[in-house]
Amino acid sequence: MTEANVTEPTRAIPVRDDADVVVCGGGPAGCAAAIASARMGMKTVLLESHGFAGGAATAAAVNGIGGWQYDLDGRPLVSGIPLEIMREIALLGGADGTYVKKLSTPVAKPDYHPGGLGCFWIQTHPEYFKAALDELLLRTGVRVLFHVNAVMPLMDGTSVCGVFIESKSGRECIRARIVIDCTGDGDIAARAGAPFDIGRPGDGACQPMSMIYAAGNAEINDLFSPEDGKPALEKARYLGAIARARERGEITLNPNDIFCAATPIDDAHAGTRLVNYTRVQRKSAIDADELTSAEIIGRRQVLEAIRFMRNYMRGCGDAYLITTPPSIGIRESRRIRGDYTLTGDDIQHARRFPDAIARGIYCIDTHNPTEIGKPSRITVLDAPYDIPYRSLVPQQVENLLVAGRCISGDVTALSSYRIMSHCMAMGEAAGTAAGLAVKKSVMPRNLDADALRLELRRNGANVGPE
2 MTEANVTEPT RAIPVRDDAD VVVCGGGPAG CAAAIASARM GMKTVLLESH GFAGGAATAA
62 AVNGIGGWQY DLDGRPLVSG IPLEIMREIA LLGGADGTYV KKLSTPVAKP DYHPGGLGCF
122 WIQTHPEYFK AALDELLLRT GVRVLFHVNA VMPLMDGTSV CGVFIESKSG RECIRARIVI
182 DCTGDGDIAA RAGAPFDIGR PGDGACQPMS MIYAAGNAEI NDLFSPEDGK PALEKARYLG
242 AIARARERGE ITLNPNDIFC AATPIDDAHA GTRLVNYTRV QRKSAIDADE LTSAEIIGRR
302 QVLEAIRFMR NYMRGCGDAY LITTPPSIGI RESRRIRGDY TLTGDDIQHA RRFPDAIARG
362 IYCIDTHNPT EIGKPSRITV LDAPYDIPYR SLVPQQVENL LVAGRCISGD VTALSSYRIM
422 SHCMAMGEAA GTAAGLAVKK SVMPRNLDAD ALRLELRRNG ANVGPE
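Just remember that the numbering used here sits 1 ahead of the position in the sequence shown, which is counted from 1.
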């Protein structure tokens, strides 16, 4: 009979390194955090479980980076390191440099209702995204460790003082003065004892996951209407075909459950598209069994999608599957409770905060977690909102910051700030805060927000109109 628990033998864990700042997770938020920290003069280590950086933009092939806009004073809403990353990708040929330059240039009067989603999009090539981050991280002096899992925090009472890692090298420890959790799921914060919430109130259901896929011979330009840099499939033209395919057993998704958008991988390969068609509901991103099931279901849905494209979409009769990415795309999991919880009411009323460290504008884009046939809810915002520093500071744990979709917010606010441009802005703020806290020998919770905002402005980030 198998015991419910076993006791792991006590052992000495080798210390691999000592750092000022350790960033867990090399997605958009984590990379921005690591770059910002290193530029503050901190010895910075970035830990990433994949063999490359980029998170959802690379591991999940989400190649539309949304949330770009202009602030009330006409300056770029998201600037600093996030725009620098986009420019680096463009230099390598993985994004439209002219478009990136346009979104980096102030305007006289911003329009908050373009394309129906309240923002602009930069289309990126996942492979160039990886390469751009490699170069930026190394050039900045960040010590990068790929194929490493940050598994547990090293604790001194309620203070985080490093992380335990697992890799081909075995179990090791990296000690740090400050740790930044950019895992997306808030893994380190949760294991350090920070309280958290998951999903919507009541049943805790999270928004569905999606498996992106690359399709070849998808000559469907006439079926896509460009909307400020993000072509989107006119799904209404296919609702009847989707219903017929479902009746025939060719697909399992309900027409209103299908979230379908596609973008060319790059301008030179118009017939090769990254397609967001799938919708995997009722699965948890923090449960290994459920996440495994979600990956398998996602790949099944991809095969359905390819068959549907061949049989029902003009220009796709010879469409074929090129690849699926290493990981399914995750919209929602843990939200770490911080010293302030950003709410849907805050963002819908463009509430200002004295400790604002970033600005957001992406629409409230809530994908239905469980109900079949119920479409997503989209609410376009009338003005940008503040993201306060306190939402990056977890309750009950010291020397720890969070950045990305796991910050402190309710479900409605998450549905906006989870977009990658906003996550990068949070990451820059967290990395800058960590550097200032180390320099001033204070805990991040006690850091002077005015000093942080001043440093962010000095570095080119936007923390709101002055």
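Just so it is clear, CB atoms sit at the ideal spot from N, CA and C, and this is done for glycine as well.
DSSP lists no bridge partner for V303. The count of Cβ pairs closer than 8 angstroms, one atom from the stretch 437 to 451 and one from the stretch 55 to 63, stays below three, leaving the stretches out of contact. Across the set I123, R360, F147, the C-alpha of R360 shows the shortest separation from the C-alpha of V464. Excluding residues up to 5 positions away in sequence, A30, A359, I388, L393, A404, G405, I408 lie with their Cβ nearer than 7 angstroms to the Cβ of M427 in the same chain.
In the structure shown, P15 falls within a coil segment according to DSSP collapsed to helix, strand and coil. According to the DSSP assignment, S211 belongs to no alpha helix (DSSP H), since it is labelled neither H nor E. Counting C-beta atoms within 10 angstroms of its own C-beta, I14 has fewer than 16 neighbours from the protein chains shown and is therefore classed as exposed. Using a C-beta cut-off of 8 angstroms, the stretch 420 to 435 makes no contact with the stretch 308 to 325, since fewer than three inter-stretch Cβ pairs fall below that distance. Counting other Cβ atoms within 10 Å of its Cβ, V7 stays below 16 and is therefore classed as exposed. Bounds of the beta strand (DSSP E) holding M156 are 150 to 157. Judged by DSSP in its simplified three-state form, S294 adopts helix.
Within the DSSP secondary-structure output, N218 pairs in no beta bridge. With fewer than 16 neighbouring CB atoms inside 10 Å of its own CB, K110 falls in the exposed class. No Cβ-Cβ contact shorter than 8 angstroms links I329 with E291.
Here E251 carries a coil assignment [DSSP, helix/strand/coil]. The beta carbon of L139 lies closer than 8 angstroms to those of V145 in the same chain, with the five residues before and after it left out.
Counting only runs of 3 or more residues that sit fully inside the stretch 358 to 402, the beta strand (DSSP E) segments are 365 to 367, 378 to 380, 386 to 389, in chain order. One thing to note: G432 has its Cβ no nearer than 8 angstroms to the Cβ of A133. Remark: C-beta atoms of I243 and E305 do not approach each other more closely than 8 angstroms.
Look at G330 here: in three-state DSSP terms it is strand.
Taking A39 as the centre and dropping the five residues before and after it, the same chain places the C-beta of T45, T141, G142, V143 closer than 7 angstroms to its C-beta, in chain order.
Within the same chain, and ignoring the five residues on either side of A438 in sequence, the residues whose Cβ sits closer than 7 angstroms to its Cβ are I179, M444, P445, L448. The DSSP-derived three-state label of E456 is helix. The stretch 87 to 96 makes no contact with the stretch 153 to 161: fewer than 3 CB pairs, one atom from each, lie closer than 8 angstroms.
In the three-state reduction of the DSSP assignment, S422 falls in the helix class. The shortest CA-to-CA distance from I379 to any of I365, R391, Y386 is the one to I365.
Our two residues, F121 and D198, have alpha carbons roughly 30 angstroms apart in a direct line.
With contacts defined by Cβ atoms closer than 8 angstroms, T371 and A206 form a contacting pair. Uninterrupted alpha helix (DSSP H) stretches at least 4 residues long and entirely within the stretch 134 to 207 occur at 188 to 192, given in chain order. According to DSSP, residue pairing for F121 in a beta bridge involves W69.
The stretch 274 to 281 makes contact with the stretch 208 to 219; the number of CB pairs closer than 8 angstroms reaches 3 or more. Judged by DSSP in its simplified three-state form, V464 adopts coil rather than helix or strand. The alpha carbon of F309 has as its nearest neighbour, out of A246, A62, H126, the alpha carbon of A246.
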